[in-house]
Amino acid sequence: MWWKALLFIIMTAAIVAAFVTEAPQQQIGEASRIFYFHIPQAWISVLAFAMSMIYSIGYLRKRDILTDGRAADTAAIGLLVCILAAATGSIFAKVTWGSFWNWDPRESSIFLLLLIYGAYFALRGAVQDENRRATLSAVYSIFAFLTVPFLVFVLPRMVPSLHPSDSVVDENMKFVMGAEVWRILLTSLVGFSVLYLWMFNISGRIRKLSRARFEEI
Amino acid sequence: MFRIAAENLTKRYEHRWVLKDISLSLSTGESMAVTGPNGSGKSTLLKTLLHLERPTKGDVRWFEDDRELDQSESGRLVGFVAPYVQLYDQLSAEENLKFFASVGHGNVTGKRIDELMEMVGLEGRAHDLVGGYSSGMKQRLKYAVALQEHPKFLFLDEPTSNLDDSGRKIVRDIVEVVRAETVLIIATNEPEEYAIAQQQCQLGD
Amino acid sequence: MPSSNANLVTRSLAILAKDIRLELRSRHALNAILLFAVSTLSVVSFSVGQSGLGPHVLAALYWVVIFFSAIAGLSHSFVREEETGTGLLLRLKADPDPVYLGKFFFNLMLLMFIAAVVTPLFFAFTDATLEQPAPFLTITCLGILGLCASTTIVAAIIARAASRGALFAVLSFPLLIPVLLVLVRASQKVLDGQSWGEIASEIQFLVAFPVVMIVGSILLFKFVWRE
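Chains as they are written, first to last, in the numbering used here: chain A, 656 to 872; chain B, -16 to 188; chain C, 14 to 240.
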């Protein structure tokens, strides 16, 4: 389909541009290129969690087991992307500030998200009955989401951050980027988002098919 | 006039069908025995009817006259006796009765407690901790708890398990007294117990 | 039908009273959590208590003891119901709201009791000093409120799952990280001699957090209970 070709072009453009143009952050240098991938990954891992929570609410209202399946699928994609975000962030941290992990607010947020994803799947693994599994993981997912605002608003004020040392986000939390940097980042963001939606869509179709098969037996 | 209606109850556990397309409807005064070999899903059926398990497909509805009852209401109209239903071992019989009354309709008087204990043949044992009871005594106490609030539905899973002859007689007497005013559902392996009920539902083909 | 509020209160109290009575007679949760707290505290005190580590480390250690005690003990109320087989009848007869409230207050009392034992011992066994008890106690109480607010519903969730002990810790930890960070920070400041003014934003957080968690729990608990 046309949009798959478009996605391919967008992602390729973003990847090439990330390496061919000037590094976004001159003080840090070449390593800052990872920013073009790390930021979208962080964004998708949060988006995927929010989607999982929304599908969880949907399950509790309608009790359709397929809805629960979709909540789990988006969480699975989110977990994968979250691991990537933590890894790319960690690499960047090592190159820039000398150590792989420092517990600054953003690192802590990604870590927390990773723990929530892990807990979600641990819970799912521990419940055999499919309806109960769906209900309990839906409740946990929603409840966990309630703690997220606390982390997001609390930590930056409480813990001194390493992240402000980038020139991308200044003290007022506003983006301060060159136009070109912004364009590439945006492209990458769009690319990753469409990729996520596509993966989610495929997983939904697989799930429907396997569910139909399951019901026949 | 109370009624329980189940439609196309299906319960699946991974790849195993535990219940398949079961429908039934019972009103006050009617009774049913659920029979079948071990593992055929009798207990699962009872638990599903009581909303303690969720069916994979189908539904269960409870009615008072024509009004549908929600889960809080229906739960309080039920007396449930089963081997897997336990009372609090660290509480006395009296404390158990008082507790279940307080989360249900309200208080239970000392007089009523004595009445119930006498009915199940446990007079004088109200203040003993349930942990010290024999299994037969615990079974009798379960009946006391089940009947305490004059239930409109009585669910008995293996009604006479652990009971001696006098215990069995007590159960028969209780059933005779309450059957006209309740919906009675029994799950059992024992042929003598089938006779208690008017209808039969055979599981496990 | 009688007033629904009166029923909620009496039913919640009935469940709370029942759990307290059971606990006093068997002391399972109490023993586990008390033993845990005192042993952990002893190790802390023995190894680093008098080494002049300063308020930063000591505050963290204090909350480590309280947090792990919470994880050791706060799931008992629900897990015990399932393990002894009493949960079935309770789920049949009792409404979700009184069950949540009753067990929440039970957990609260349990953890407060532990803190009441651990806190004086903590100050006795380490070289932490406290010029102003009021801020520290306020922080501790609010912190305990927050810990219980998050973990009570988690305990209900894991009660009917496999590998309950580990699962309780795994599910609780992410939910408690924000509040733990704030608690440690606030306690650090107080142990360092600072007072109310400097911990104003932490106190705000520590009041808002349990409120949100309790409201969320009450709304979601009915799904867990009737499952």
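Heads up, the beta-carbon is just placed ideally off N, CA and C, and yes, glycines get one too.
So with Cβ pairs under 9 Å, would you call residue i a contact of chain F?
{"i": "Ser763 (chain A)", "result": "No chain F is present in this structure, whose protein chains are A, B and C."}
CA-CA distance, residue i and residue j?
{"i": "Ala180 (chain B)", "j": "Ile157 (chain B)", "result": "14 Å"}
{"i": "Val675 (chain A)", "j": "Val836 (chain A)", "result": "12 Å"}
{"i": "Arg198 (chain C)", "j": "Glu36 (chain B)", "result": "45 Å"}
{"i": "Tyr772 (chain A)", "j": "Lys30 (chain B)", "result": "33 Å"}
{"i": "Asp32 (chain C)", "j": "Lys116 (chain C)", "result": "8 Å"}
{"i": "Leu87 (chain C)", "j": "Val794 (chain A)", "result": "19 Å"}
{"i": "Leu852 (chain A)", "j": "Leu219 (chain C)", "result": "38 Å"}
{"i": "Leu70 (chain B)", "j": "Leu33 (chain B)", "result": "18 Å"}
{"i": "Leu43 (chain C)", "j": "Val57 (chain C)", "result": "21 Å"}
{"i": "Ile699 (chain A)", "j": "Val736 (chain A)", "result": "7 Å"}
{"i": "Ser144 (chain B)", "j": "Trp0 (chain B)", "result": "27 Å"}
{"i": "Leu184 (chain C)", "j": "Leu769 (chain A)", "result": "12 Å"}
{"i": "Leu80 (chain B)", "j": "Asp719 (chain A)", "result": "39 Å"}
{"i": "Ala672 (chain A)", "j": "Gln63 (chain C)", "result": "58 Å"}
{"i": "Ala73 (chain C)", "j": "Gln201 (chain C)", "result": "8 Å"}
{"i": "Leu801 (chain A)", "j": "Leu35 (chain C)", "result": "33 Å"}
{"i": "Leu124 (chain C)", "j": "Leu193 (chain C)", "result": "15 Å"}
{"i": "Phe(-15) (chain B)", "j": "Val61 (chain B)", "result": "11 Å"}
{"i": "Glu78 (chain B)", "j": "Ala30 (chain C)", "result": "11 Å"}
{"i": "Val824 (chain A)", "j": "Ser208 (chain C)", "result": "Its pLDDT being 43, under 50, Val824 (chain A) is placed unreliably by the model, and nothing is read from it."}
Whose CA, out of the options, lies closest to the CA of residue i?
{"i": "Ser792 (chain A)", "options": "A:Asp728, A:Ser687, A:Phe692, A:Ser700", "result": "A:Asp728"}
{"i": "Cys154 (chain C)", "options": "C:Arg38, C:Val70, C:Leu21, C:Leu196", "result": "C:Leu196"}
{"i": "Gln217 (chain C)", "options": "C:Gly100, C:Val130, C:Ile152, C:Val92", "result": "C:Ile152"}
{"i": "Arg(-5) (chain B)", "options": "A:Pro804, A:Asp784, A:Ile839, A:Thr842", "result": "A:Asp784"}
{"i": "Thr667 (chain A)", "options": "A:Val803, A:Arg860, A:Thr842", "result": "A:Thr842"}
{"i": "Ile28 (chain C)", "options": "C:Glu94, C:Trp209, C:Val112", "result": "C:Val112"}
{"i": "Arg866 (chain A)", "options": "A:Phe704, A:Lys749, A:Arg725, A:Ala669", "result": "A:Arg725"}
{"i": "Thr751 (chain A)", "options": "A:Phe690, A:Ala789, A:Gly833, A:Val782", "result": "A:Phe690"}
{"i": "Arg24 (chain C)", "options": "C:His69, C:Phe135, C:Leu114", "result": "C:Leu114"}
{"i": "Leu702 (chain A)", "options": "A:Arg860, A:Ser754, A:Phe847", "result": "A:Phe847"}
{"i": "Ile694 (chain A)", "options": "A:Arg779, A:Arg787, A:Thr743", "result": "A:Thr743"}
{"i": "Phe119 (chain C)", "options": "C:Lys106, C:Phe149, C:Leu160", "result": "C:Leu160"}
{"i": "Leu806 (chain A)", "options": "C:Leu21, C:Leu189, C:Val130", "result": "C:Leu189"}
Using a C-beta cutoff of 9 Å, does residue i count as contacting chain C?
{"i": "Asn786 (chain A)", "result": "yes"}
{"i": "Leu74 (chain B)", "result": "yes"}
{"i": "Gln122 (chain B)", "result": "no"}
{"i": "Phe855 (chain A)", "result": "no"}
{"i": "Ile771 (chain A)", "result": "yes"}
{"i": "Leu33 (chain B)", "result": "yes"}
{"i": "Val154 (chain B)", "result": "no"}
{"i": "Phe(-15) (chain B)", "result": "no"}
{"i": "Ala194 (chain B)", "result": "Past the boundaries of the shown model lies residue 194 (chain B); chain B is included only from -16 to 188, so the question cannot be answered."}
The alpha helix (DSSP H) that contains residue i, what's its start and end?
{"i": "Trp238 (chain C)", "result": "213 to 238"}
{"i": "Pro135 (chain C)", "result": "According to the sequence shown, residue 135 (chain C) is Phe rather than Pro. From DSSP, the alpha helix (DSSP H) with Phe135 (chain C) extends over 109 to 138."}
{"i": "Arg162 (chain B)", "result": "Where Arg162 (chain B) is concerned, there is no enclosing alpha helix (DSSP H), given that its DSSP letter is neither H nor E."}
{"i": "Val92 (chain C)", "result": "89 to 97"}
{"i": "Asp97 (chain B)", "result": "93 to 102"}
Any Cβ of chain A within less than 9 Å of the Cβ of residue i?
{"i": "Pro191 (chain C)", "result": "yes"}
{"i": "Glu(-3) (chain B)", "result": "yes"}
{"i": "Arg151 (chain B)", "result": "no"}
{"i": "Pro133 (chain C)", "result": "no"}
{"i": "Glu36 (chain B)", "result": "yes"}
{"i": "Thr39 (chain B)", "result": "yes"}
{"i": "Val1 (chain C)", "result": "In the structure as shown, chain C starts at 14 and stops at 240, and residue 1 (chain C) therefore has no counterpart that could be examined."}
{"i": "Arg173 (chain C)", "result": "yes"}
{"i": "Glu240 (chain C)", "result": "yes"}
Of all Cβ atoms in chain B, is any one closer than 9 Å to the Cβ of residue i?
{"i": "Ala34 (chain C)", "result": "Checking the sequence, you will find Arg at residue 34 (chain C) rather than Ala. Chain B, which has a Cβ nearer than 9 Å to the Cβ of Arg34 (chain C), makes this yes."}
{"i": "Ile170 (chain C)", "result": "no"}
{"i": "Ser39 (chain C)", "result": "yes"}
{"i": "Ser820 (chain A)", "result": "For Ser820 (chain A), the pLDDT reaches just 44, beneath the cut-off of 50, and the residue's location in the model is therefore unreliable, although a value from the coordinates is still provided. Answer no: the Cβ-Cβ gap between Ser820 (chain A) and chain B never drops below 9 Å."}
On the DSSP letters alone, give me the boundaries of the beta strand (DSSP E) that residue i sits inside.
{"i": "Ser6 (chain B)", "result": "-1 to 10"}
{"i": "Arg725 (chain A)", "result": "Element bounds for Arg725 (chain A): not the beta strand (DSSP E) but the alpha helix (DSSP H), 720 to 752."}
{"i": "Leu52 (chain B)", "result": "50 to 52"}
{"i": "Phe(-15) (chain B)", "result": "-15 to -4"}
{"i": "Gln183 (chain B)", "result": "182 to 185"}
{"i": "Leu137 (chain B)", "result": "136 to 140"}
| Stretch-stretch touch, CB-based, cutoff 8 Å, three pairs: the stretch 112 to 132 of chain B with the stretch 80 to 90 of chain B | At 8 Å Cβ cutoff, the stretches touch.
| field | Touching by the beta-carbon criterion (3+ pairs, under 8 Å), the stretch 3 to 22 of chain B and the stretch 160 to 176 of chain B | value | Output reads yes: the stretch 160 to 176 of chain B touches the stretch 3 to 22 of chain B.
| said: Contact between the stretch 29 to 49 of chain C and the stretch 159 to 174 of chain C is defined here as three or more beta-carbon pairs at a separation below 8 Å; is this criterion met? | reply: Contact fails: fewer than three Cβ-Cβ distances are below 8 Å.
| said: Tell me whether the stretch 41 to 54 of chain C and the stretch 77 to 86 of chain C touch, counting them as touching only if at least three CB pairs, one residue from each stretch, are closer than 8 Å. | reply: Three or more Cβ pairs closer than 8 Å define a contact, and the stretch 41 to 54 of chain C meets that threshold against the stretch 77 to 86 of chain C.
| said: Does the stretch 850 to 866 of chain A come into contact with the stretch 19 to 27 of chain B, if we say contact requires no fewer than three beta-carbon pairs (one atom in each stretch) closer than 8 Å? | reply: Touching, no.
| field | Cβ contact check for the stretch 97 to 106 of chain C and the stretch 68 to 81 of chain C: 3 or more pairs under 8 Å | value | Segment contact: the stretch 97 to 106 of chain C against the stretch 68 to 81 of chain C, fewer than three CB-CB distances shorter than 8 Å; contact not assigned.
| request: Please confirm if the stretch 61 to 79 of chain B is in contact with the stretch 109 to 121 of chain B, defined as three or more CB-CB distances below 8 Å between the two stretches. | output: In short, these stretches touch, since the Cβ pair count reaches three.
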